[in-house]
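> If you're matching them up, the sequences are chains A and B in order. Per our numbering: the first sequence = residues 2 to 322. Per our numbering: the second sequence = residues 2 to 322.
2 protein chains.
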Amino acid sequence: MKIREIRLEDLDPVAFIKTQVQELKDTVGDGTAVVALSGGVDSSVVTMLGHRALGSRLKAYFIENGIMRTGEPQAIVAAFTRLGVRVQLVDARALFFRALKGITDPEEKREAITQTFYKTIFGPLVKRSGARFLLQGTNYTDVEETVAGIKRQHNVLAQLGIDTKKAYGYHVLEPVIQLRKTGVRMVGKALGLPKAIFERPPFPGPALAARVIGAVTPERVATVRAATRIVEEELARSGAFQYLAILHEDRVTGIRKGKREFGHQIEVRCWESTDAITGTPTHLSWPVLERLAKRITTEVKGVVSVTYNITAKPPSTIEAV
Amino acid sequence: MKIREIRLEDLDPVAFIKTQVQELKDTVGDGTAVVALSGGVDSSVVTMLGHRALGSRLKAYFIENGIMRTGEPQAIVAAFTRLGVRVQLVDARALFFRALKGITDPEEKREAITQTFYKTIFGPLVKRSGARFLLQGTNYTDVEETVAGIKRQHNVLAQLGIDTKKAYGYHVLEPVIQLRKTGVRMVGKALGLPKAIFERPPFPGPALAARVIGAVTPERVATVRAATRIVEEELARSGAFQYLAILHEDRVTGIRKGKREFGHQIEVRCWESTDAITGTPTHLSWPVLERLAKRITTEVKGVVSVTYNITAKPPSTIEAV
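Okay, here's the thing in structure tokens:
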């Protein structure tokens with residue numbers, strides 16, 4: 002089936018919401034649906050659409066995988082609670098770190114996270130829920146990148162360990178698949194989501210694991226989490242499309258109290274983009290760049306060096322891993 | 002012996018040259034001296050002082066170690082030939098790459114380069130030359146950093162494999178040891194060295210091997226050499242103290258012709274400093290930063306990402322390795 006993009010100039014958020022809510026009602030009927038809420042704008046909008054259509058017949062889960070940012074799981078669950086949406090927080094940190102142990106290859110890392118998420122955790126949740134419908138936040142850029150071979154094909158049911166032949170009747174519903182990110186944000190605003198969510202910069206699934214080059218351990222995630230917090234605090238008002246901190250595996254020489262210290266390097270990226278397909282580094286001012294370097298090398302243990310990425314996408318990508 | 006610094010305000014380059022030349026004449030007498038010319042301002046000034054004092058009784062060697070920049074050995078030898086100084090070019094590339102094979106630790110890398118330079122190559126040259134005097138470009142900052150434990154102690158004779166007890170009569174002469182870099186440059190200018198040499202940004206001994214994180218192979222050196230050439234072309238007019246390109250071992254994801262490419266990252270550093278003891282990143286303009294990234298990712302094979310270091314020294318150091 003060819004998916005038709007709804008361009009921004011053709012998008013009426015209120016009408017879009019009405020259509021999608023009605024479609025979800027018609028499709029799910031008296032049944033129940035599940036959604037994995039990540040706190041990103043796509044899954045947040047889909048959760049709200051599902052909630053409007055199905056009320057308590059939507060079961061929303063937030064999977065705490067141990068590679069989230071400071072206070073993130075609690076903040077997301079609280080925000081949805083305030084909107085009247087009950088979200089179940091599933092603590093799966095130990096399972097994720099066990100699956101990631103010893104893996105340094107980026108593709109194997111993503112695969113371990115995907116497998117743990119779908120097969121080990123979410124698959125069994127879906128089965129136990131008795132729901133036949135899965136809500137998924139796929140957007141139009143995901144579709145394009147999958148077609149182009151940049152993202153891997155997501156056969157969600159197969160990834161959940163659900164045999165689509167045996168389990169006839171399972172359906173994946175993707176209410177925002179015709180929109181790009183900016184459109185999804187407009188719908189999020191119209192749905193009454195807090196600004197922190199509908200304007201939230203992208204933070205992809207592999208989360209902080211994708212911000213660590215090399216092995217993903219609780220200690221290394223803690224390092225990049227601390228750097229991420231500083232980058233987000235300092236760049237929140239930059240108006241940039243996305244900003245991130247990356248912990249390198251390479252060690253570099255530094256100097257502390259007059260003595261040589263072989264330490265860590267954090268790479269900061271901050272992107273101007275409208276669609277994530279192309280992007281350019283934000284022209285941050287020198288006071289901002291120097292404050293970032295100063296804070297990160299002072300507040301994050303073991304970090305002696307900070308760089309800023311100056312490459313456009315392409316040939317760079319938004320994330321490093 | 003306590004070494005007394007000659008501060009800039011107390012430095013008269015012409016008088017300094019006269020004093021040092023006379024001292025070299027008095028010390029060496031009818032003997033001969035050797036010097037290893039690297040093309041850096043310190044060894045260039047020392048070579049010129051030695052030439053003024055000793056004429057053809059100074060034997061100058063340029064050791065081509067395979068980790069120099071594009072065209073560097075030929076350019077340095079030609080510049081000194083024009084000044085009437087005969088320099089012997091020693092091709093030792095194979096010996097250095099053999100010694101560096103399989104080494105990734107920065108300290109072991111430096112050690113392999115130092116050992117190969119002194120024990121394998123320069124030591125035998127000194128012995129064959131029959132000279133009892135070695136000219137060395139040690140400056141006042143080297144002394145301070147050795148005292149502070151940042152640089153390792155250089156017992157030059159021991160490193161040459163010369164037993165100082167048996168070989169009584171060997172002497173190391175360090176004519177610029179009382180000067181910092183700026184003073185050495187002023188003396189270089191007064192000696193009639195070309196501007197490209199007396200204003201040359203520092204380029205330490207481990208050369209491009211110190212610009213490669215991880216294994217030093219001819220291929221990896223070729224990558225960082227190509228990036229270095231671009232950085233030097235683009236930043237020559239920046240007026241900065243020092244600028245460099247570093248090849249990381251970490252791979253990052255890039256995208257070429259719509260397909261994912263797991264490629265290399267080059268880190269650019271450019272320093273404002275007067276003494277190399279402290280430094281801050283040069284506030285390069287965005288057009289310059291973007292042109293660097295564009296040229297490096299376009300002209301250097303396999304590079305998909307370029308960063309700019311934004312950290313002050315300390316806690317960074319000038320070089321990464």
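Idealized CB from N, CA, C, for every residue including glycine.
(1) Roughly how many angstroms lie between the CA atoms of K60(A) and P14(A), to the nearest whole one?
(2) In this structure, what does DSSP give as the bridge partners for Y62(B)?
(3) What does the alpha-carbon distance come out to for the pair R111(A) and R221(A)?
(4) To which residues of the same chain is A321(B) closer than 6 Å at the C-beta, ignoring the five residues directly before and after it?
(5) Could you tell me whether the Cβ of I77(B) comes closer than 7 Å to any Cβ of chain A?
(6) Is it true that the CB of T117(A) sits closer than 7 Å to the CB of F97(A)?
(7) Return helix, strand or coil for R5(A), following the three-state DSSP convention.
(8) Looking only at its own chain, which residues have a Cβ that is under 7 Å from the Cβ of N140(B), when we skip the five neighbours before and after it?
(9) Using a Cβ cut-off of 7 Å (strictly closer), state whether R257(A) contacts chain B.
(10) Taking Cβ-Cβ distances shorter than 7 Å, what residues in chain B pair up with T1(A)?
(11) Rounded to whole angstroms, what is the Cα-Cα separation between K3(A) and P207(B)?
(12) Between which two residues does the alpha helix (DSSP H) carrying I77(A) extend?
(13) To the nearest angstrom, report how far apart E24(B) and L174(B) are at their CA atoms.
(14) Alpha carbon to alpha carbon, how far is A54(A) from T115(A)?
(15) Can you tell which of P125(A), K128(A) and V213(A) has its C-alpha closest to the C-alpha of I104(A)?
(16) Any Cβ of chain B within less than 7 Å of the Cβ of I163(A)?
(17) Is the CB-CB distance between E195(A) and A80(A) below 7 Å?
(18) Can you determine whether any heavy atom of the ligand COA sits closer than 6 Å to the C-beta of L38(A), and answer yes or no?
(19) Quick one, are the C-beta atoms of A228(A) and T312(B) less than 7 Å apart?
(20) Can you pull the DSSP bridge partners for T173(A)?
(21) Going along chain A in order, which residues have a C-beta closer than 7 Å to the C-beta of N310(B)?
(22) Would you give the residue range spanned by the alpha helix (DSSP H) that T254(B) belongs to?
(23) Going by the beta-carbon positions, is the gap between L9(B) and V88(B) smaller than 7 Å?
(24) With a threshold of 16 other CB atoms inside 10 Å of the CB of V148(B), please say whether the residue is buried or exposed.
(25) Just by C-beta distance, which residues in the region 234–251 of chain A are closer than 7 Å to chain B?
(26) Where S274(B) and G40(A) are concerned, what is the direct C-alpha to C-alpha distance, given to the nearest angstrom?
(27) Consult DSSP for I247(B) and reduce its assignment to one of helix, strand or coil.
(28) Just verifying my parser: in three-state terms, what is the DSSP assignment at T284(B)?
(29) Along the chain, where does the beta strand (DSSP E) that runs through I267(B) open and close?
(30) With H, G and I counted as helix, E and B as strand and the rest as coil, what does DSSP make of T117(A)?
(31) In chain order, what residues of the region 85–109 of chain B put their CB closer than 9 Å to some CB of chain A?
(32) Pop quiz: V91(B) and E73(B) are said to be a contact at Cβ under 8 Å. What is the actual Cβ separation, rounded to whole angstroms?
(33) Across the region 261–268 of chain A and the region 290–306 of chain A, are there enough close Cβ pairs to call them in contact, namely three or more that are closer than 8 Å?
(34) Strictly below 8 Å CB to CB, what residues from chain B border K314(A)?
(35) Would you call the region 277–290 of chain A and the region 232–249 of chain B in contact, with 3 or more CB pairs under 8 Å?
(36) Looking at the strands, I want to know which residues DSSP matches up with V213(A).
Let me spell this out:
(1) 24 Å
(2) A37(B) and Q89(B)
(3) 17 Å
(4) I247
(5) no
(6) yes
(7) coil
(8) D43, V177, I178, L180, R181, K182 and V185
(9) yes
(10) In the structure as shown, chain A starts at 2 and stops at 322, and residue 1(A) therefore has no counterpart that could be examined.
(11) 58 Å
(12) E73 to R83
(13) 10 Å
(14) 28 Å
(15) V213(A)
(16) no
(17) Residue identity check: residue 195(A) is Pro in the sequence provided, not Glu. Yes, the pair counts as a contact, with Cβ atoms nearer than the cut-off.
(18) In terms of ligand content, the structure shown is empty, and the ligand COA therefore cannot be addressed.
(19) no
(20) In the sequence as presented, Thr is not what sits at residue 173(A); that position holds Val. BP columns for V173(A) point to L135(A).
(21) S306 and T308
(22) Note, T254(B): premise wrong, no alpha helix (DSSP H); beta strand (DSSP E) at V253 to R257.
(23) no
(24) exposed
(25) H249, E250 and D251
(26) 45 Å
(27) strand
(28) Before going further, note that residue 284(B) is His rather than Thr in the sequence given. H284(B): coil per DSSP, three-state reduction.
(29) K260 to E273
(30) helix
(31) P107 and E108
(32) Between E73(B) and V91(B) the Cβ distance is about 14 Å, and since that is not below 8 Å, they are no contact.
(33) yes
(34) I256
(35) no
(36) L248(A)
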